[in-house]
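Under mature numbering (1 follows the signal peptide of the UniProt record, and there is no 0), the residues of the sequence shown are numbered -20 to -1, 1 to 148, in order. By construction, the Cβ of each residue, glycine as well, lies at the ideal position given by its N, Cα and C atoms.
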Amino acid sequence: MRTFIVIFFVSLFFVSHSSGDLIDNICKKTSDYKLCVDSLRVDPKSSSADKKGLAHIMLQLSLAKAGDIYNQTLVLLKKPMESILKQCIQICRDNYNLTVLGLIRSIKYLEENDLDMAKSDAGDAITSTVTCEESFTEWHPIRKDPLKKENDDFFHFIDMLLSLLNLL
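In structure tokens:
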């Protein structure tokens, strides 16, 4: 009985250790190791996921982040502001709405093993962040972007996600 317990715990160690190695190995090949590892370790399903499962988790996280930014635009648009700033935020809202839809499609394509389309739809999120950011610099004087930090963080996250998707 004692031998069985020892074998069980040793095998459990190797299973959990190998999952951690997969996360480390995958994340080392992305554009931001720390962001990748920190993001994946938050999700308990990542410890038993394969490469595709890790990509699925990252797409879900991206979708949640895009949805949060979209919701922030809705909150901002309810506040009184000058019309040009409102137009800029509406551009961001529209782009993040498209990003949410694109990430939903990307998840669907990943599940169907259509990696090219999954990458394409996820990659469109980069365009959304750039378009949102640029909308604030098109008018003079340049308006302060109330979404700058979130937009920059999301751009960085999507860049890391795309480098992970390219490993599949």
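Please report how far the alpha carbon of residue i lies from the alpha carbon of residue j, in whole angstroms.
i, j, result
"ASP132", "SER28", "31 Å"
"LEU15", "PHE137", "8 Å"
"LEU2", "ASP48", "29 Å"
"ILE122", "ASN93", "44 Å"
"MET38", "GLU114", "26 Å"
"LEU95", "LYS124", "37 Å"
"LYS9", "GLU62", "44 Å"
"CYS112", "TYR50", "11 Å"
"GLU118", "LYS58", "22 Å"
"LEU142", "PRO24", "22 Å"
"GLN52", "LEU148", "32 Å"
"PRO60", "GLU130", "21 Å"
"SER19", "LYS32", "15 Å"
"ILE6", "ARG21", "13 Å"
"residue 169", "PRO126", "Residue 169 is absent from the structure shown; the chain starts at -20 and stops at 148."
"HIS36", "TYR13", "17 Å"
"LEU145", "ASP139", "10 Å"
"LEU41", "GLU91", "16 Å"
"LYS99", "CYS68", "27 Å"
"SER11", "HIS120", "35 Å"
The alpha helix (DSSP H) with residue i in it runs from where to where?
i, result
"PHE137", "128 to 145"
"ASP94", "First-last for ASP94: undefined, no H or E at that position."
"LEU20", "13 to 22"
"residue 149", "No answer is possible for residue 149: the residues shown for the chain start at -20 and end at 148."
For residue i, which residues of its own chain have a beta-carbon under 6 Å away from its beta-carbon, when the five flanking residues on both sides are left out?
i, result
"GLY82", "ASP101, ASP104"
"ILE87", "LEU39"
"TYR89", "MET97, ALA98"
"ILE(-14)", "Only weak support exists for where ILE(-14) lies, its pLDDT of 48 falling under 50; the value from the coordinates is given anyway. Closer than 6 Å at Cβ, skipping near neighbours: no residue."
Using a Cβ-Cβ cutoff of less than 7 Å, which residues in the same chain neighbour residue i once the five nearest sequence positions on both sides are dropped?
i, result
"SER108", "ASN75, TYR76, LEU78, THR79"
"ILE84", "LEU43"
"CYS72", "THR53, CYS112, SER115, LEU127"
Counting only C-beta atoms, is residue i closer than 8 Å to chain C at any point?
i, result
"SER11", "Annotation note: the requested chain C is absent from the structure, which comprises a single protein chain."
Can you list, in chain order, the residues of its chain whose CB lies under 8 Å from that of residue i, leaving out five sequence neighbours each side?
i, result
"LYS66", "LEU57"
"GLY106", "The amino acid at residue 106 is misidentified as Gly; the sequence shows Ile. Result list for ILE106: PHE135, ILE138, ASP139, LEU142, in chain order."
"VAL110", "PHE135"
"ILE64", "TRP119, ARG123"
"SER26", "SER(-2), ILE3, LEU20, GLY33, LEU34, ILE37"
Verify whether the separation of the beta carbon atoms of residue i and residue j is less than 8 Å.
i, j, result
"ALA46", "PHE134", "yes"
"VAL17", "ASP4", "yes"
Would you list, in sequence order, the uninterrupted alpha helix (DSSP H) runs of no fewer than 4 residues that lie entirely inside the region 63 to 95? 63 to 91
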